[in-house]
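Reading through the structure tokens given below for one structure.
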Amino acid sequence: MSSLNKNFERFASKICDCHVHYGQFRDNYYDSEEIIRWFDELGIDKVGIMPISRESDFPEDQKIMASLPKERFVPYLWVNPEMVDTDSTLKIYDSLNYKVIKIHAYARKEWDAMPDKIRTVIQVASIKGVPVMFHTGGWRGSNAIQFYKFCREFPDVTFILAHGKPISQSLTVLKGAKNAYVDNSFMDIESMKMICDAGLSDRILFGTDFPIMETFWPEISLTDWYKNHVMELIETFGEKNFMVWANENFYKLIMK
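Going by this note's numbering, the first residue of the sequence shown is number 285, and it counts up by one from there.
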């Protein structure tokens, strides 16, 4: 066994990844069976799973989610505007037994002109006691600061700023709203250091956006990338910090 595998295995059974996808991303399709195999190989504890979903196909997503091993995979509800139009209470999606609601205002830029529709989704999250995850970055309408008002308006709801982009705006939100967190998917080490240096290290959730990094780096082995990424975080920030991000915060905020 390589030293990488040996070192990773020390931590694997406690790791929870809050940001994983299946489905079509650009030219690549990631089948749910592939996702299962990869995480069987990695052997981590929990996986927050959601589609890559510009268009809504809830029956298909429900079928796929139901096929995933429940002891590892934690379903998220990716909400598009038309899903709110169909049922503003989102009750027709309750069968998914989701633990997080995801809004992606970069994939669907029309969200930027629908603040009241976003509030409707957040109100559902408040009633159900689940976090809301916002994609951040990519354009003005999905930058972190756009969601600050919602974090302040709904102090009882936990908000996860996926990617934490731009980092300066994410720091503003984290400092001003105690119910806001970031996940570190596609976040560079320097940005993570800025969060830690601001005394906000406990507001990070470990997430990877797995497996879509393969689209950007097609030569990589996905599982080797994953193991190296985890070990880099542990070596840079220490085991204690990493376990807060990858275990404690996941159970506290998502598995509650």
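Idealized CB from N, CA, C, for every residue including glycine. Values in this document were obtained by computation on a predicted structure and should not be read as measured data.
- Under the three-state reduction of DSSP, Asn-312 is assigned to strand.
- Of the candidates Ser-340, Lys-540 and Ala-409, Ala-409 places its Cα closest to the Cα of Pro-439.
- Between Asp-324 and Cys-300, the CB-CB gap reaches or exceeds 8 Å.
- Along the stretch 477-512, the alpha helix (DSSP H) occurs as fully enclosed runs of 4 or more residues at 497-500, listed in sequence order.
- About 12 Å separates the Cβ atoms of Leu-484 and Leu-445, ruling out a contact at the 8 Å cut-off.
- Straight through space, the alpha carbons of Pro-353 and Val-368 are spaced by roughly 28 Å.
- With fewer than three CB-CB distances shorter than 8 Å, the stretch 395-403 does not count as touching the stretch 373-385.
- In terms of Cα proximity to Asn-312, the closest of Arg-294, Ile-336 and Lys-386 is Ile-336.
- Within the model, the alpha-carbon separation for Arg-338 versus Asn-364 is close to 7 Å.
- With a threshold of 16 other beta carbon atoms within 10 Å, Pro-495 meets it and is buried.
- Met-349 sits buried, since 16 or more C-beta atoms from the chains shown fall within 10 Å of its C-beta.
- Look at Val-457 here: in three-state DSSP terms it is helix.
- In terms of CA proximity to His-513, Met-471 leads the group Gly-332, Phe-357, Met-471 and Lys-524.
- Residues of the same chain with a CB within less than 6 Å of the CB of Val-358, apart from the 5 flanking positions on each side, are Lys-330, Gly-332 and Lys-383 in chain order.
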